[in-house]
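Read through the structure below, which is laid out as structure tokens, and then see the notes.
In the working numbering, the protein residues as written are 336 to 1291.
Okay, here's the thing in structure tokens:
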């Protein structure tokens, strides 16, 4: 329904409902139809009549909220007049008061970024204006959307062909069960793994053999949609068991799993990590930083573009890339699959605004002339064959957050009616950005118009992402320019990676009548004859502002100003095998970027500490030129070959000698290390590297007051790759050492190699662990777990009378177990346990992840014990195991992570639901904590391993 205020405004302006689509007068290349004039004027009336609060609301949300959209025939803004919308709330600060206010307004919180003052939430459309009226809210935007750079053999439109959540859970559970069964039977099928054809095509197999490097000492991490099939890939042997996934950032989807498999194929001994890029734009930026500064990733790769990312200034995601590259990380990003001018597959135009002299509606503003000096054409035609559900972005050369020049974007059909629009306010504090989307099923004769509502002429960037600008049937000429690669892949020190097929050709024509797609060289390797994928995005990228908004060329933000960045820099393989369902083959620059990242990991593995500038030099200078002679704007310097890169940098197998968990044997024969004891400490050192560790020695010290270690150092001699040497040390614990306060040992391992020294710390419990566990249960009412919200639900468990903990076990209890998702007799009822991340926090603030997106669609946890010594890891469960009962190993060690400190105080268990559609409650959980007792006079040695001491170094 049209609101009273909007109706009065339109009536006063004489803007009544336009004629039906069939009655619309057809537009001409240099003029809007009468229908378009009337419709745009109606939309502009809303903009002109806005209040200060309404100026903070996204234009499509505002039009929908006022009900104006219903009065405009053919309009498909994508915002329903009722129900809820997902929005990004940009605030001066994310405070508890803001979160509470949003929740009270009916919002479901989806993602929170304190650093960027950003909250993603699903809110009632009717609540948008009230949220915008808050003084701490700067703007309420339609949620910034993203896409990966995967190219689908069969494009998905309007949700058709996609799995439901339940179907996906059932498929993944079946794959995991099959893999676990095959592994337990040690069948040939279980031992056989798939290897990306890019390993062969990039000569990475030859490089590993020739230079003896495998990724040792390097951590390579990916950001994408999700890692749904991670456990299945691990069970199949396609990925190692210790992939470091940031808790709560597992995401939704499997592109991340496929990317990790590619990295592991080329750099099999690199450590791996992952975080989702899809929670929100601000969360993506936060996760880039987390992977470097918390997870310590050396090489980071992503395949994601957020539509709001500016082509002209490094926005928050690019700023995060700048931060991690400044800290020494290597960052690789997909160039994108938005096409290129050379292949005629692009949907991108950029250039200076040209005033057409054509005014619009009843308000100030003129349309842009795409023809420039060649004539007057106010439309950019979209190819009918690539017109379905295409995001269209408009950016211009104002600084982010300080645009005082107001441009608007309109999509019209062949009959001249407005189909979609974006007309946000820019009056000095907003972003120079507009976005709309074409209809879900596309349409014939769609065309775009850019209108300067007010202000000065600026340099424009108009992109139909995965669409194409093509001449129309009614005589409109398409205008394309290079430069569709935008956003963080265009950051100065990032590597933007184009794609070339490793093996078979991409399986469909991009549009009817297109030339055939190229095939790759597999089982051969890339050469100068290789061809780029026809969909790979082109550069270069013109940038006008530094990240902080400082102009690069003050006073010149036109086509002759700014800085031109050469993008993409390099090309790598796509169209490769992975074991992940739906990603065999895996096409797109999404597959290319992890190949390049893996080769960089090999470089660092053979050259620890090599400066990023030298890695860049090696990749670019050794790239094999393809396509046009010399560097070009869609393959960069060319396709990289691992053997050539390593020959350029030089590389040698590096040892990596690391101290492992020691074994303690008290001299008095007791079972535990007690105050006043002298004990033998047997310390293993394992060479996890590619090269032999020579002149290996260990310095063992303790920061614990009164503890002595003798001798301080010992030689371990030479340790071959994969081998372990051991030595014995003697420690003395002072009689004054408190029970339960651990002795800390610091081991520094030195050897001949660039990774030397390595360090490790070990906590040795002091005192005899009590065999009796004390039980502490949550005694409150059930606490609902909010659906798909990082806020989560928490319960507290007070603990008294334990002192220090020697062992921590956690249980989810219940009286009667069932799979009824509404059961009140289970310990934690939830209709999709695989949505949950459970975390236990001790009084000291130490945290341990109990479970992490395990169990698929299974319902309910009931009478389940999480214990470090359980035989089965909870990560292996599937929905077939529901309701989940019995004993399981937690994701992270509870005793190792939480014991040793004072147990008395308040413990907290939290459960966070990170995916939509399912709910539940925490009902009955408990802690079981063992303390310490006075040590007995004698007993069997603890944790004694069968070592024979025949000298200073002896192998296991």
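Where a beta carbon is used, it is the ideal one built from N, C-alpha and C, also for glycine.
Near the ligand NAP: residue i beta-carbon under 7 Å from a heavy atom
i           : result
residue 735 : Absence of the ligand NAP is noted for the structure shown, with no ligands found whatsoever.
Option nearest residue i by Cα separation, candidates the options
i            : options                : result
residue 931  : 790, 1160, 599         : 599
residue 1109 : 1146, 596, 1126        : 1146
residue 1190 : 1181, 1183, 1226, 1158 : 1226
residue 1036 : 1065, 1013, 1030       : 1065
residue 868  : 1230, 1022, 840        : 840
residue 731  : 879, 636, 474          : 879
residue 792  : 428, 701, 1068         : 701
residue 818  : 667, 736, 671          : 671
residue 624  : 638, 708, 658          : 658
residue 1213 : 469, 1057, 565         : 565
residue 372  : 603, 616, 753, 924     : 753
residue 1102 : 1181, 1268, 1117       : 1268
residue 363  : 816, 978, 751          : 751
residue 1052 : 1069, 850, 1020        : 1020
residue 772  : 1234, 744, 629, 1245   : 744
residue 535  : 552, 601, 1041, 1265   : 601
residue 461  : 441, 1113, 472         : 441
residue 1169 : 1195, 1073, 1181       : 1195
Buried/exposed call for residue i, threshold 16 Cβ in 10 Å
i            : result
residue 723  : buried
residue 1161 : buried
residue 1258 : buried
residue 763  : exposed
residue 447  : buried
residue 576  : exposed
residue 590  : buried
residue 1291 : For residue 1291, the predicted model reports a pLDDT of 32, less than 50, meaning its position is unreliable and no value from the coordinates is stated.
residue 895  : exposed
residue 418  : exposed
residue 439  : exposed
residue 663  : exposed
residue 1230 : buried
residue 1186 : buried
Rounded Cβ spacing between residue i and residue j (contact assumed at less than 8 Å)
i            : j            : result
residue 1193 : residue 1216 : 6 Å
residue 890  : residue 652  : At roughly 28 Å, the Cβ-Cβ gap does not stay under 8 Å, so residue 890 and residue 652 are not in contact.
residue 475  : residue 481  : With 8 Å as the limit, residue 475 and residue 481 do not qualify as a contact, their Cβ atoms being about 19 Å apart.
residue 873  : residue 788  : 30 Å between Cβ atoms; not a contact.
residue 978  : residue 711  : No, residue 978 and residue 711 are not in contact; Cβ-Cβ is about 55 Å, not under 8 Å.
residue 980  : residue 953  : 5 Å
residue 586  : residue 611  : 3 Å
residue 882  : residue 656  : No, residue 882 and residue 656 are not in contact; Cβ-Cβ is about 10 Å, not under 8 Å.
Cut-off 8 Å between Cβ atoms - residues of its own chain near residue i, not counting five sequence neighbours on either side
i            : result
residue 1093 : 991, 992, 993, 994, 1083, 1084
residue 1239 : 1134, 1135, 1136, 1137, 1138, 1178
residue 1242 : 1111, 1131, 1132, 1133, 1134, 1175, 1176, 1177, 1178, 1262
Beta-carbon proximity list for residue i, same chain, < 7 Å, skipping 5 on both sides
i           : result
residue 570 : 511, 514, 515, 518
residue 680 : 674, 803, 845, 869, 870
residue 500 : 1252
residue 959 : 861, 862, 863, 973, 974, 976
residue 814 : 684, 705, 715, 804
residue 692 : 701
Contact set for residue i: own chain, Cβ-Cβ below 6 Å, skip 5 residues either direction
i            : result
residue 1126 : 444
residue 776  : 723
residue 1043 : 1067
residue 1210 : 566, 1189
residue 1202 : 1144, 1222
(message) Could you tell me which whole alpha helix (DSSP H) segments of length 4 or greater appear in the stretch 464-544?
(response) Unbroken alpha helix (DSSP H) stretches of 4 residues or longer found wholly inside the stretch 464-544: 500-520, 523-526, 532-536, given in chain order.
(message) In chain order, what are the residue ranges of uninterrupted beta strand (DSSP E) at least 3 long that sit wholly in the stretch 376-440?
(response) The beta strand (DSSP E) runs of length 3 or more contained entirely in the stretch 376-440 are, from start to end of the chain, 419-426.
(request) Just list the beta strand (DSSP E) runs in the stretch 655-720, keeping only unbroken ones of 3 residues or longer that don't cross its boundaries, in chain order. (result) For the beta strand (DSSP E) assignment, the uninterrupted runs of no fewer than 3 residues enclosed by the stretch 655-720 are, from N- to C-terminal side, 665-669, 683-687, 690-695, 698-703.
(request) Entirely within the stretch 546-603 and at least 3 residues each: give me those beta strand (DSSP E) ranges in chain order. (result) Counting whole runs of 3 or more residues, the stretch 546-603 contains the beta strand (DSSP E) stretches 554-559.
(message) Report the start-end ranges of each beta strand (DSSP E) in the stretch 1071-1132 that is 3 residues or longer and not cut off at the edges.
(response) Within the stretch 1071-1132, the complete beta strand (DSSP E) runs of at least 3 residues are 1078-1085, 1093-1099, 1103-1112, 1118-1120.
(request) Taking only runs that begin and end inside the stretch 1165-1234, name each unbroken alpha helix (DSSP H) of 4 or more residues, in chain order. (result) Runs found: 1229-1233.
(request) At 3 residues or longer, and completely inside the stretch 928-1000: list those beta strand (DSSP E) runs for me, N to C. (result) For the stretch 928-1000, whole beta strand (DSSP E) runs of length 3 or above, ordered along the chain, are 992-994.
(request) Could I get the ranges of all uninterrupted beta strand (DSSP E) runs contained in the stretch 1018-1055, with 3 residues as the minimum, in chain order? (result) Within the stretch 1018-1055, the complete beta strand (DSSP E) runs of at least 3 residues are 1028-1036, 1043-1045, 1048-1054.
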